[in-house]
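See below for the structure under consideration.
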Amino acid sequence: MGGVNGANGGGTGVDAGLGGGAGGRAGAGGRAGAGAGVGGDAVGRGIRGGAGGANLLALRSHNTALVLDLLRGGGAEGISRLELAERTGLTPQAVSKITARLRERGLAAEAGRRASTGGKPRTVLRLVPEAGHAIGVHLDRDELRAVLVDLDGAVVGERRVPLDLGAGADAVVEAVAGTARELTADTLCPPDGSVAAAPTPRPPDGNLAAAPTLLGLGVALPGPLDHVRGVLHRVTGFPEWDGFPLRDALEERLGVPVVVDKDTNAAALGLTAGGDRGPATASFAYLHLGTGLGAGLVIGGAVHRGARTGAGEFGHQVIQLDGPPCTCGARGCIEALCLAAVGRGDLAEAARVLGAGAANLAGLLDIDLVLLGGRTVAAAPGAFVEGVGAVLDARARREGGREGAVPVRIAPGGARGVAEGAAQLLLAPLFGRGDGG
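This is the structure we're talking about:
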């Protein structure tokens with residue numbers, strides 16, 4: 001999508017703010033200018049990040065997102081203003097105003113000069129990754145993993161601690177808050193422990209407003225849940241979470257914007273927002289097999305959530321009517337069959353069942369790629385790629401497809417892929433790489 005040249009020449013004609021632009025939608029990370037999403041809604045409600053983080057959020061606009069994304073893609077070598085204008089479709093004047101504002105806020109810096117064809121050398125600009133940070137938290141049934149990432153998506157801090165998701169809301173919220181404090185204490189907070197740009201009254205102990213470049217916190221956990229409101233539903237195996245406002249509880253505890261999403265959607269967003277590091281296709285399924293089973297669906301380059309943000313409950317497709325009982329209350333779910341096979345040590349059968357579900361997705365959605373992740377897959381990646389691939393190969397032969405079977409690969413990102421994706425719930429909208437709906 002090209003830029004919008006506003007009458008003011010500043011390139012902010014489709015300014016979203018972070019609370020969602022005019023006509024914007026509520027989903028977290030919609031295209032910049034089409035709606036900033038849940039993280040932006042948090043800012044609109046008066047939740048404040050650190051001084052630098054708040055300034056960065058205020059810069060959200062469609063055209064600024066285009067420029068920021070190109071600056072990020074330019075890496076350390078940078079990109080010239082003329083190239084930015086050519087690739088965004090913005091006027092040189094609009095690009096100059098946007099880049100001046102980014103430099104003023106410390107988000108862009110000169111990266112040297114580049115020879116031009118005639119005339120004086122061009123100044124090239126680069127993104128300043130350390131100008132903004134986000135925390136991504138993956139809440140699994142028995143573990144909490146958190147990462148601190150910069151604007152480039154590079155991990156600059158990581159924590160991993162045991163967790164009992166059934167221990168109750170207070171215990172889980174405190175575990176997240178404590179881990180977030182540890183991550184920011186040494187890297188982002190002033191040495192004297194002062195609170196930068198603190199609201200009045202002074203924030204409670206543990207507030208993260210002292211981290212000057214922190215944009216907020218993304219939290220990913222098993223669904224189902226209401227992504228827009230940050231409210232959990234009957235998390236499979238943990239019905240006591242039903243109706244708990246996790247987003248609001250964490251925002252009140254930490255004093256920064258919080259976005260809550262399903263683990264599989266966060267991982268899928270992390271993959272699609274990764275630029276050149278993500279898959280080179282616009283439509284794929286990310287299948288996550290760990291202590292449970294779920295899917296993140298990317299269709300046309302955007303995470304597909306469905307009308308009620310409930311898409312991707314892949315593990316609870318029933319494929320055996322009289323099969324074993326599942327924790328969701330049904331029988332014969334893919335998750336129940338997969339985990340039962342894993343428990344018996346029969347990885348070939350687990351992969352075959354997972355492949356049957358993947359084949360259903362491929363037939364239903366016509367996806368280009370299946371990516372596998374999760375700790376169970378990570379323990380035997382070859383077995384799962386081979387087993388799932390065999391089922392998809394058989395389907396392709398049966399249907400006589402001319403283009404062959406849908407390929408199967410291990411998702412990049414490894415064990416922290418979900419946590420990194422959770423951080424992208426805050427970062428991706430800044431670069432116009434949010435999700436769809």
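Residue 1 is where the sequence shown starts when you use our numbering, and the numbers rise one by one after that.
Don't be surprised by glycine CBs; every beta carbon is placed ideally from N, CA and C.
Ranked by how close their Cα comes to the Cα of residue 286, the residues 418, 214, 152, 428 have 418 in first place. Remark: C-beta atoms of residue 416 and residue 158 approach each other more closely than 8 Å. Rounded to the nearest whole angstrom, the CA to CA distance from residue 82 to residue 92 is 7 Å. No Cβ-Cβ contact shorter than 8 Å links residue 228 with residue 246.
Shown here, residue 231 sits in a strand according to DSSP, grouped into three states. Cβ-Cβ separation between residue 125 and residue 100: approximately 10 Å, too far for a contact (criterion under 8 Å).
By the Cβ test, the region 331-340 is in contact with the region 305-317, since at least three Cβ pairs between them sit closer than 8 Å.
Cβ neighbours of residue 244 within its own chain (closer than 8 Å, five residues either side excluded): 169, 231, 232.
DSSP links residue 414 through a beta bridge to no other residue. Taking the CA atoms as reference points, residue 238 sits about 50 Å from residue 89.
Counting C-beta atoms within 10 angstroms of its own C-beta, residue 262 has 16 or more neighbours from the protein chains shown and is therefore classed as buried. Look at residue 237 here: in three-state DSSP terms it is coil, with no helix or strand label. Under the three-state reduction of DSSP, residue 120 is assigned to coil, being neither helix nor strand. For residue 121, the CB contacts under 8 Å within the same chain, skipping 5 residues up- and downstream, are 113, 114, 115 in chain order. With a cutoff of 8 Å on beta-carbon distance, residue 359 and residue 337 are scored as not near each other. The closest CA to that of residue 399, considering only 379, 363, 410, 378, is found on 363.
As DSSP reads the structure, residue 218 sits in a beta bridge with 136, 259.
Membership of residue 382 in the alpha helix (DSSP H) is indicated by the continuous run 381-399. The C-beta separation of residue 155 from residue 147 comes to about 5 Å, placing the pair in contact by the 8 Å criterion. In this structure, residue 371 sits near residue 271, with a CB-CB distance shorter than 8 Å. The bridge partners DSSP lists for residue 80 are 124.
In this structure, the alpha-carbon of residue 137 lies about 50 Å from that of residue 119. In chain order, 226, 227, 228 place their CB closer than 7 Å to the CB of residue 309, counting only its own chain and leaving out the 5 sequence neighbours on each side.
In the three-state reduction of the DSSP assignment, residue 355 falls in the helix class, which pools H, G and I. Taking C-beta atoms as the reference points, residue 375 and residue 290 count as a pair closer than 8 Å.
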